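Enquirer:
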Amino acid sequence: VEEDSPLQALQYGSLSFTASKGTKDPNENDATVSIIVVGTSGDLAKKKIFPALFALFYEDCLPEVRKISSFFIRKSYAILGSGFSSLSSIYFVPGRSSDIFPCVFQHFTVYGYARSKMTDAEFRNMVSETLTCRIDKRVNCVEKIDQFLTRCFYHSGQYDSMQSFVELDKKMKHHEDGRFSNRLFYLSIPPNIFIDAVRCASMSASSGNGWTRVIVEKPFGRDSELSAALTKSLKLYLEEDQIFRIDHYLGKELVENLSVLRFSNLIFEPLWSRQYIRNVQMIFSEDFGTEGRGGYFDNYGIIRDIMQNHLLQILALFAMETPVSLDAEDIRNEKVKVLRSMRPLTLDDVVIGQYKSHTKGGMSFPAYTDDKTVPKGSLTPTFAAAALFIDNSRWDGVPFLMKAGKALHNKKAEIRVQFRHVPGNLYNRNLGTDLDRATNELVIRVQPDEAIYLKINNKVPGLGMRLDRSKLNLHYAARYSKEIPDAYERLLLDAIGGERRLFIRSDELDAAWTLFTPLLKELEEKKITPECYPYGSRGPVGAHYLAARYNVRWG
Ligand code: NDP
Ligand code: BG6
Numbered sequence: 080v081e082e083d084s085p086l087q088a089l090q091y092g093s094l095s096f097t098a099s100k101g102t103k104d105p106n107e108n109d110a111t112v113s114i115i116v117v118g119t120s121g122d123l124a125k126k127k128i129f130p131a132l133f134a135l136f137y138e139d140c141l142p143e144v145r146k147i148s149s150f151f152i153r154k155s156y157a158i159l160g161s162g163f164s165s166l167s168s169i170y171f172v173p174g175r176s177s178d179i180f181p182c183v184f185q186h187f188t189v190y191g192y193a194r195s196k197m198t199d200a201e202f203r204n205m206v207s208e209t210l211t212c213r214i215d216k217r218v219n220c221v222e223k224i225d226q227f228l229t230r231c232f233y234h235s236g237q238y239d240s241m242q243s244f245v246e247l248d249k250k251m252k253h254h255e256d257g258r259f260s261n262r263l264f265y266l267s268i269p270p271n272i273f274i275d276a277v278r279c280a281s282m283s284a285s286s287g288n289g290w291t292r293v294i295v296e297k298p299f300g301r302d303s304e305l306s307a308a309l310t311k312s313l314k315l316y317l318e319e320d321q322i323f324r325i326d327h328y329l330g331k332e333l334v335e336n337l338s339v340l341r342f343s344n345l346i347f348e349p350l351w352s353r354q355y356i357r358n359v360q361m362i363f364s365e366d367f368g369t370e371g372r373g374g375y376f377d378n379y380g381i382i383r384d385i386m387q388n389h390l391l392q393i394l395a396l397f398a399m400e401t402p403v404s405l406d407a408e409d410i411r412n413e414k415v416k417v418l419r420s421m422r423p424l425t426l427d428d429v430v431i432g433q434y435k436s437h438t439k440g441g442m443s444f445p446a447y448t449d450d451k452t453v454p455k456g457s458l459t460p461t462f463a464a465a466a467l468f469i470d471n472s473r474w475d476g477v478p479f480l481m482k483a484g485k486a487l488h489n490k491k492a493e494i495r496v497q498f499r500h501v502p503g504n505l506y507n508r509n510l511g512t513d514l515d516r517a518t519n520e521l522v523i524r525v526q527p528d529e530a531i532y533l534k535i536n537n538k539v540p541g542l543g544m545r546l547d548r549s550k551l552n553l554h555y556a557a558r559y560s561k562e563i564p565d566a567y568e569r570l571l572l573d574a575i576g577g578e579r580r581l582f583i584r585s586d587e588l589d590a591a592w593t594l595f596t597p598l599l600k601e602l603e604e605k606k607i608t609p610e611c612y613p614y615g616s617r618g619p620v621g622a623h624y625l626a627a628r629y630n631v632r633w634g
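So the sequence shown is numbered by the UniProt record's numbering: it starts at 80 and just counts up by one.
(1) DSSP three-state call for histidine 389: helix, strand or coil?
(2) Relative to the C-alpha of methionine 399, which candidate in His389, Leu390, Ala407 and Asn412 has its C-alpha closest?
(3) In chain order, what residues of the same chain have a beta carbon less than 6 Å from the beta carbon of isoleucine 565, not counting five sequence neighbours either side?
(4) Please state the DSSP three-state secondary structure of serine 167.
(5) Might you give, ordered along the chain, the residues of its own chain that have their beta carbon closer than 8 Å to the beta carbon of glutamate 335, omitting 5 neighbours on each side?
(6) Grab me the residues of isoleucine 535's own chain with a C-beta within less than 8 Å of its C-beta, minus the 5 sequence neighbours each way, in chain order.
(7) Excluding sequence positions up to five away, which residues of its chain have a Cβ less than 8 Å from the Cβ of serine 404?
(8) Can you tell me whether leucine 521 is buried or exposed, with buried defined as 16 or more other CB within 10 angstroms of its CB?
(9) Spell out the partners DSSP gives aspartate 547 in its beta bridges.
(10) Compute the Euclidean distance between the alpha carbons of threonine 310 and isoleucine 268, then round it to the nearest angstrom.
(11) Note the first and the last residue of the continuous alpha helix (DSSP H) segment covering serine 338.
(12) Any heavy atom of the ligand NDP closer than 6 Å to the beta-carbon of leucine 247?
(13) The ligand BG6 and aspartate 427: does any heavy atom of the ligand fall closer than 6 Å to the residue's C-beta?
(14) Tell me the residue span of the beta strand (DSSP E) that contains serine 267.
(15) Taking DSSP as the reference, what is the three-state secondary structure of leucine 480?
(16) Could you tell me whether the Cβ atoms of valine 477 and isoleucine 356 are closer together than 7 Å?
(17) Can you check which of these residues, Met544, Lys216, Leu394 and Asp122, is closest to residue 47 by C-alpha distance?
(18) Going by DSSP in three states, methionine 205 sits in which element: helix, strand or coil?
(19) If the criterion is Cβ atoms closer than 7 Å, does the pair leucine 487 and serine 364 meet it?
(20) What's the gap between the Cα of glutamate 138 and the Cα of arginine 213?
(21) With a Cβ-Cβ cutoff of 7 Å, do glutamine 425 and glutamate 255 count as a contact?
(22) Can you check DSSP and say which residues form a bridge with leucine 521?
(23) Can you give me the C-alpha to C-alpha distance between alanine 530 and isoleucine 523, rounded to a whole angstrom?
(24) Any heavy atom of the ligand NDP inside 6 Å of the beta-carbon of arginine 194?
(25) With burial defined as no fewer than 16 other Cβ atoms inside 10 Å of the residue's Cβ, what is the status of threonine 452: buried or exposed?
(26) Is it the case that the segment 361-377 contacts the segment 496-509, given that we only count it when at least three CB pairs across the two stretches are under 8 Å?
(27) Just to confirm, does serine 312 get its C-beta within under 6 Å of one of the non-hydrogen atoms of the ligand NDP?
(28) Verify whether the separation of the beta carbon atoms of phenylalanine 227 and valine 117 is less than 7 Å.
(29) Please classify methionine 251: does DSSP put it in a helix, a strand, or coil?
(30) Please go through the same chain and pick out, in chain order, the residues whose beta-carbon is closer than 8 Å to the beta-carbon of glutamate 601, but skip the five residues on each side of it.
(31) Using CA coordinates, which residue listed in Pro460, Ser312, Ala284 and Phe468 is at the minimum distance from tyrosine 434?
(32) Kindly indicate which three-state DSSP category isoleucine 158 falls into: helix, strand or coil?
(33) Short of 6 Å in beta carbon distance, which residues of its chain neighbour tyrosine 233, apart from the five on each side in sequence? Order them along the chain.
(34) Run through DSSP, which three-state label would lysine 439 get?
(35) If you draw a straight line from the alpha carbon of alanine 407 to that of cysteine 611, how long is it in whole angstroms?
(36) Tell me whether aspartate 384, by its Cβ, gets closer than 6 Å to a heavy atom of the ligand BG6.
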């Protein structure tokens, strides 16, 4: 293991890789990165991965060698001897500057890998159709697309065929042209074939002299046992530091900003505890159903699809103690501690629902079970609300309420922090304002229309003394002119840069499953029937009763 100080990195003037034993010592201009999208013909690849790769390319984050600032720390090490060789290279000190990218690869190539037969030209055609993203209104977009496509190649093969991956390896070597090679496999395939693909890729197509990393998409198992089995199998072929378990909510701008808000503003952290916070709400809602993904969804349901990962990750970042530093391991250590301090959920803490058909304004909206890929009579929840508790000194007794649902009345993701009442509030006493109006609320709107606002009580201007509730509002669109990058852009860039802060470590995953597995088993064993709610509504009424038990009104 070799580690250089930032000063040494500065002295080098630019970064270089440290080769594993027996390989040449390449410099950055010689390094290549190959990004292999396994399952390239699928929905996720088209919807998210290619647009994100293209946006990075457009922003000059992939192909150009840019001046590396002193903030980069060189950190290279090689783990030899098993499956993939692992060489973790550069990463940037998080939070130093929004403009620091690990843009060090002059040569990058994208490979599509799937069973479908396609030529390179057909693949490029397919990719080009996906490249409508935040970039496509920009200048030179067409030229940039053409340049990007020349870097894209396709390889058709089975996911469990060593031979196919050997052939892929040959193709990659040809393009790497003897340079120092780094390979990032993105497993955009159904989970039942993860292990086959990892086995074949690790044995037949891992890099000989650079790093090899694998991005694994959720779901990471269905419960504690299956998740542990998946981790165990992955670790037959990969070291933990080669596995990048993605939760794209961690790549969302306002989720990343949570720690900045907490730890770099004096005013929030002192209030961040049971002493001042009455309850916290994590809300996810979509105004469409499972359209097209019913087959996948029915096997998982909303608790596994959204709560156990996206909302729980937000909760962990929200509630963790101050990490020792901004290093990935320090942050992930704190997240694990919070998760392990939480009470596993029971049936009593949860309300589940499923959407039914609904007709509105002459339009009819289908029920969940109308989806042809969903079995008739399915009891899979498309909505859930839950009350969670963290049994530590900071959060003892504070309800963390989660709500997640499909086919609701709006699309949003937000965190709501409701503060306690002002003790002996003069204005309640003298003006008779109702208590609820006197309570502050901090809202972090993750999407859409990103914003952070604080609801305060304020005097209405004028000669009298009347109070109203107003917002101190940080509205991103008004404050920042630059558009917000997609979460997948940030996460891909981090994976290429070897930055693990926004990826899930295996002990975090275990802790997350420990919280939800008993509940999920009970729901399934007892065949609990979800409460119905009409497509496009606010969800089942039971969610309001659940919140009311803790004196909470949903925001
Ligand atoms: P798809 O179902 O579209 O599958 C991706 C590709 O895998 C297909 O194009 C197909 O390629 C191959 N494939 C599909 N089923 C099988 C099978 N039974 N056996 C072998 N190969 C198969 O998946 P998505 O693109 O929707 O998702 C990919 C991964 O990302 C999954 O793990 C999913 O859970 C996860 N995910 C997806 C999200 C989304 O929005 N789509 C969001 C978050 C996570 P071919 O036949 O050409 O080999
Ligand atoms: C995915 C879920 O992880 O997140 C989907 O599997 C959901 O069901 C999606 O629609 C929501 O992501 P976003 O970024 O559109 O809010």
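All residues carry an ideal CB built from backbone N, CA and C; glycine is no exception.
Keep in mind it's a predicted model, so treat the numbers as computed, not measured.
Expert: Working from what's here:
(1) Taking the first residue of the sequence shown as 1, we reach residue 389 at position 310. If DSSP states are grouped into helix, strand and coil, histidine 389 belongs with the helices.
(2) In the sequence shown, the residue the question calls residue 399 occupies position 320. For the residues His389, Leu390, Ala407 and Asn412, the minimum Cα distance to methionine 399 belongs to Asn412.
(3) Locating residue 565 in the sequence shown gives position 486, counting from the first residue. According to the sequence displayed, residue 565 carries aspartate and not isoleucine. Only Ala131 meet the Cβ criterion.
(4) Position 88 of the sequence shown, counting from 1, holds the residue named residue 167. The pLDDT assigned to serine 167 is 33, lower than 50, so where the model puts this residue is not dependable, and the model offers no usable value.
(5) Reading the sequence shown from its first residue, position 256 is the one you call residue 335. So the list reads Leu329, Arg569 and Leu581, once near-sequence residues are dropped.
(6) Position 456 of the sequence shown, counted from the start, is the residue given in the question as residue 535. Counting only Cβ-Cβ distances below 8 Å, and skipping sequence neighbours, we find Asn519, Arg548, Ser549, Lys550 and Leu551.
(7) Stepping through the sequence shown from its first residue, residue 404 is reached at position 325. Once the five neighbours on either side are set aside, serine 404 has no close Cβ partner at all.
(8) Position 442 of the sequence shown, counting from 1, holds the residue named residue 521. Its Cβ being crowded by 16 or more others within 10 Å, leucine 521 is buried.
(9) The count along the sequence shown starts at 1 and reaches residue 547 at position 468. According to DSSP, which records beta bridges pairwise, aspartate 547 is partnered with Asn537.
(10) Taking the first residue of the sequence shown as position 1, residue 310 is located at position 231. Taking the first residue of the sequence shown as position 1, residue 268 is located at position 189. Using only the alpha carbons, I get a separation of about 17 Å.
(11) As a position in the sequence shown, residue 338 is number 259, starting the count at 1. Its alpha helix (DSSP H) spans residues 332-342.
(12) Your numbering for residue 247 matches position 168 in the sequence shown. No - the ligand NDP has no heavy atom lying nearer than 6 Å to the Cβ of leucine 247.
(13) If you number the sequence shown from 1, residue 427 lands on position 348. No, the ligand BG6 has no heavy atom inside 6 Å of this Cβ.
(14) Along the sequence shown, read from residue 1 onward, the residue named residue 267 stands at position 188. Serine 267 -> no beta strand (DSSP E), and no H or E assigned at all.
(15) For the purposes of this step, residue 480 is identified with residue 401 of the sequence shown, where counting begins at 1. Strand at leucine 480.
(16) If you number the sequence shown from 1, residue 477 lands on position 398. If you number the sequence shown from 1, residue 356 lands on position 277. Result yes, Cβ atoms of valine 477 and isoleucine 356 sit closer than 7 Å.
(17) Here the chain covers residues 80 to 634 and nothing more, so residue 47 does not appear.
(18) Mapped onto the sequence shown, residue 205 falls at position 126. Looking at methionine 205 - three-state DSSP - the assignment turns out to be helix.
(19) Looking up residue 487 in the sequence shown gives position 408. Looking up residue 364 in the sequence shown gives position 285. For leucine 487 and serine 364, yes; Cβs fall inside 7 Å.
(20) Residue mapping note: residue 138 aligns to position 59 of the sequence shown, counting from 1. Residue mapping note: residue 213 aligns to position 134 of the sequence shown, counting from 1. Taking the straight line joining both Cα atoms gives about 11 Å.
(21) Numbered from 1 along the sequence shown, position 346 holds the residue referred to as residue 425. Numbered from 1 along the sequence shown, position 176 holds the residue referred to as residue 255. The sequence shown places threonine at residue 425, rather than the glutamine named in the question. Going by C-beta atoms, threonine 425 is not nearer than 7 Å to glutamate 255.
(22) Here the question's residue 521 lines up with position 442 in the sequence shown. Answer is Val496 and Leu533.
(23) Looking up residue 530 in the sequence shown gives position 451. Looking up residue 523 in the sequence shown gives position 444. C-alpha separation (whole angstroms): 6 Å.
(24) In the sequence shown, the residue the question calls residue 194 occupies position 115. Result yes, Cβ under 6 Å from the ligand NDP.
(25) On the sequence shown, residue 452 is found 373 positions in, with the first residue counted as 1. Burial call: exposed.
(26) no
(27) Taking the sequence shown and counting its residues from 1, one reaches residue 312 at position 233. No, the beta carbon of serine 312 sits no closer than 6 Å to any heavy atom of the ligand NDP.
(28) Along the sequence shown, read from residue 1 onward, the residue named residue 227 stands at position 148. Along the sequence shown, read from residue 1 onward, the residue named residue 117 stands at position 38. Not in contact: phenylalanine 227 and valine 117 (Cβ atoms no closer than 7 Å).
(29) Residue 251 sits at position 172 when you count from the first residue of the sequence shown. Helix at methionine 251.
(30) Translated into the one-based positions of the sequence shown, residue 601 becomes position 522. Contacts found: Thr425, Leu426 and Ile607.
(31) In the sequence shown, counting from the first residue as 1, residue 434 sits at position 355. Of the listed residues, the one whose Cα sits closest to tyrosine 434 is Pro460.
(32) Within the sequence shown, the letter at position 79 stands for residue 158. The predicted position of isoleucine 158 is uncertain, since its pLDDT is 30 and thus under 50; a value taken from the coordinates is nonetheless stated next. DSSP places isoleucine 158 in strand when its eight states are reduced to three.
(33) To locate residue 233, count along the sequence shown from 1; it is residue 154. Gly191, Met197, Asp199 and Phe202.
(34) For this step, residue 439 is matched to residue 360 along the sequence shown. Looking at lysine 439 - three-state DSSP - the assignment turns out to be strand.
(35) One-based indexing of the sequence shown puts residue 407 at position 328. One-based indexing of the sequence shown puts residue 611 at position 532. Each residue's Cα considered, the two are about 42 Å apart.
(36) Reading the sequence shown from its first residue, position 305 is the one you call residue 384. True, at least one ligand heavy atom lies under 6 Å from that Cβ.
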